[in-house]
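Engineer: This note's numbering numbers the first residue of the sequence shown as 8 and each following residue consecutively. Let me give you the structure first, and then I'll get to my questions.
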Amino acid sequence: MITTGAFLTAAVLVHLLAPLLLTAGRWQVHHPRTALTLWFCAFFAGIGLAVASATTALMYCVEAIRVPGPAEGTLLTIAGWLSLGVLAAVIAFVSACAEPLADSWREAVGRLAPVAISREESDGVTLVWFDSEESVACAVPSKAPEIFLSTALKDLLSGPQLRAVIDHERAHLRQHHGWAVRIAEINALCLPKRFPAGRALKRATLLLIELIADDAAARNAGAVHLANALATMGRTTGAPSLELRADRLALRRWKIPRSRRAAALVRA
């Protein structure tokens, strides 16, 4: 029973302390990939500890009521079916929470698909252009991944800036950020609102995946182009977060890729 309490206490401590520790300071802004990894390590560790606590408690109950003869098999059978019932209830609850998210995602994509004016293949991804007065870029993960882009965005940005934005969305697809967001959203729905850990994981995930994609696009397409694109979009849409991300890219020192250094030496 002591082991059960230890696992349960550890799960509660992870649940309470992880948001406090992982949001302290500004290090996560400079190392978003490490921060996201630690968030999800804490999340899965908490789940593992909770499951371990429930398992050891079940084993203790079985041992406590163990009696010789046929009754022992009956008790073990009942305990097994009860554990399976609890597991099925948890899975059903998570599925019920996940379904509205999937429906809202499909509905959002369904609104964009009918107004598409052109499609083009680009490095394993389909670029879907649609007519809109709003500057929009959105990655759609699926078996045939797509990036939806508005005509207003094409008119607003220069060629290099637009390519940087596309690289940003491509990074979301390549690094499977959709799964991270889905897990964080389901976790936030499953936990009661009085527990801050669910909302904290969701907020951190939504921010960190954007910073990770920014870094990937900056290395591939150039930090200057992406920073200028984000700043332009921020001024147009009035979203201060875009300008803050642009400032982050502009203030950071970036290593010149080997291919660019080699090209510079050839020109010299």
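C-beta atoms are modelled at their ideal positions from N, C-alpha and C, and glycine is treated no differently. If you're wondering where the values come from, they're calculated on a predicted model, not measured in any experiment.
Please return the same chain residues whose Cβ sits closer than 6 Å to the Cβ of Glu153, not counting the five positions on each side in sequence.
Structural biologist: As a position in the sequence shown, residue 153 is number 146, starting the count at 1. Excluding sequence neighbours, Glu153 sits near Thr133, Val135 and Val147.
Engineer: Going by DSSP in three states, Ser165 sits in which element: helix, strand or coil?
Structural biologist: What you label residue 165 is simply residue 158 of the sequence shown in a count that begins at 1. Coil, per DSSP.
Engineer: With distance defined between alpha-carbon atoms, name the residue in Ala207, Ala178, Phe14 and Leu169 nearest to Trp46.
Structural biologist: Walking along the sequence shown from the start, residue 46 turns up at place 39. It is Ala207.
Engineer: Taking 8 Å as the threshold, find out whether the stretch 224-233 comes into contact with the stretch 168-184 through three or more Cβ pairs.
Structural biologist: Cβ pair count under 8 Å is three or more, so yes.
Engineer: Is it buried or exposed, His183, if we count other Cβ atoms within 10 angstroms and call 16 or more buried?
Structural biologist: Translated into the one-based positions of the sequence shown, residue 183 becomes position 176. His183 comes out exposed.
Engineer: Can you grab the Cα-Cα spacing for the pair His281 / Ala57, in whole Å?
Structural biologist: The structure shown does not extend to residue 281, since the chain is modelled only from 8 through 275, so no value can be given for it.
Engineer: Under 8 Å between the Cβ atoms of Ala211 and Leu29?
Structural biologist: Taking the first residue of the sequence shown as position 1, residue 211 is located at position 204. Taking the first residue of the sequence shown as position 1, residue 29 is located at position 22. For Ala211 and Leu29, yes; Cβs fall inside 8 Å.
Engineer: Kindly indicate which residue of Ala31, Ala61 and His22 has the alpha-carbon position closest to the one of Phe51.
Structural biologist: Numbered from its first residue, the sequence shown carries residue 51 at position 44. Nearest C-alpha to Phe51: His22.
Engineer: Within the continuous beta strand (DSSP E) that includes Arg126, where are the two ends?
Structural biologist: Numbered from 1 along the sequence shown, position 119 holds the residue referred to as residue 126. Taken as a continuous stretch (DSSP letters only), the beta strand (DSSP E) holding Arg126 covers Ala123 to Ser129.
Engineer: CB Ala238 to CB Asp174, shorter than 8 Å?
Structural biologist: Locating residue 238 in the sequence shown gives position 231, where the first residue counts as 1. Locating residue 174 in the sequence shown gives position 167, where the first residue counts as 1. No, they are not a contact pair.
Engineer: Taking Cβ to Cβ, would you say Pro39 is nearer than 8 Å to Leu218?
Structural biologist: Indexing the sequence shown from 1 puts residue 39 at position 32. Indexing the sequence shown from 1 puts residue 218 at position 211. Cβ atoms of Pro39 and Leu218: closer than 8 Å.
Engineer: Determine the closest residue to Ala61 out of Ala17, Ile124 and Leu24, with distance taken between C-alpha atoms.
Structural biologist: The residue labelled residue 61 in the question sits at position 54 within the sequence shown. It is Ala17.
Engineer: Which residues in the same chain have their Cβ closer than 6 Å to the Cβ of Met240, if we skip the five residues on either side of it in sequence?
Structural biologist: The residue you call residue 240 lines up with position 233 of the sequence shown. Excluding residues within five positions, the ones whose Cβ falls inside 6 Å are Ser142 and Leu249.
Engineer: Which stretch, first to last residue, makes up the alpha helix (DSSP H) that contains Leu134?
Structural biologist: As a position in the sequence shown, residue 134 is number 127, starting the count at 1. It is not in any alpha helix (DSSP H) - Leu134 instead sits in the beta strand (DSSP E) that spans Val132 to Phe137.
Engineer: Go ahead and pull the three-state DSSP assignment for Val147.
Structural biologist: Here residue 147 refers to the residue found at position 140 when the sequence shown is read from its first residue. Val147 falls in the strand class under three-state DSSP.
Engineer: Can His179 and Ala246 be called in contact, C-beta distance under 8 Å?
Structural biologist: As a first step, residue 179 must be located in the sequence shown, where it is residue number 172. As a first step, residue 246 must be located in the sequence shown, where it is residue number 239. Against a cut-off of 8 Å, the Cβ pair of Ala246 and His179 comes out as no contact.
Engineer: In terms of residue numbering, what span does the beta strand (DSSP E) encompassing Ser142 cover?
Structural biologist: Looking up residue 142 in the sequence shown gives position 135. Neither: Ser142 is in no beta strand (DSSP E) and is coded neither H nor E.
Engineer: From the DSSP output, which residues share a beta bridge with Glu153?
Structural biologist: Position 146 of the sequence shown, counting from 1, holds the residue named residue 153. According to DSSP, Glu153 bridges with Thr133 and Val147.
Engineer: How would you write the range of the alpha helix (DSSP H) that Arg201 sits in, first residue to last?
Structural biologist: By one-based count along the sequence shown, residue 201 stands at place 194. It is not in any alpha helix (DSSP H) - Arg201 carries neither H nor E in the DSSP assignment.
Engineer: Taking the C-alpha atoms as reference points, what is the distance between Leu43 and Gly185?
Structural biologist: What you label residue 43 is simply residue 36 of the sequence shown in a count that begins at 1. What you label residue 185 is simply residue 178 of the sequence shown in a count that begins at 1. Each residue's alpha carbon lies about 13 Å from the other.
Engineer: Got a sec, what are the start and stop residues for the alpha helix (DSSP H) Trp34 sits in?
Structural biologist: Here residue 34 is taken as the residue at index 27 of the sequence shown, counted from 1. Counting along the chain, the alpha helix (DSSP H) containing Trp34 begins and ends at Trp34 to His37.
Engineer: What's the gap between the Cα of Leu256 and the Cα of Gly32?
Structural biologist: Within the sequence shown, numbered from 1, the residue matching residue 256 stands at position 249. Within the sequence shown, numbered from 1, the residue matching residue 32 stands at position 25. So the alpha carbons of these two residues sit roughly 19 Å apart.
Engineer: Classify Ser157: buried if its beta carbon has 16 or more other beta carbons within 10 angstroms, exposed otherwise.
Structural biologist: For the purposes of this step, residue 157 is identified with residue 150 of the sequence shown, where counting begins at 1. It counts as buried.
Engineer: Cα-Cα, which of Gln35, Ala13 and Trp34 is closest to Ala59?
Structural biologist: Locating residue 59 in the sequence shown gives position 52, counting from the first residue. Cα-wise, what sits closest to Ala59 is Ala13.
Engineer: Assuming Trp186 is part of the alpha helix (DSSP H), what are its boundary residues?
Structural biologist: Taking the first residue of the sequence shown as 1, we reach residue 186 at position 179. Taken as a continuous stretch (DSSP letters only), the alpha helix (DSSP H) holding Trp186 covers His184 to Cys197.
Engineer: What number of angstroms, rounded off, separates the C-alpha of Ala191 from the C-alpha of Cys197?
Structural biologist: By one-based count along the sequence shown, residue 191 stands at place 184. By one-based count along the sequence shown, residue 197 stands at place 190. In a straight line, the C-alpha of Ala191 is about 10 Å away from that of Cys197.
Engineer: Once DSSP output is grouped into helix, strand and coil, what is the label at Arg255?
Structural biologist: On the sequence shown, position 248 is the one that residue 255 refers to. In this structure, Arg255 counts as helix in the three-state DSSP scheme.
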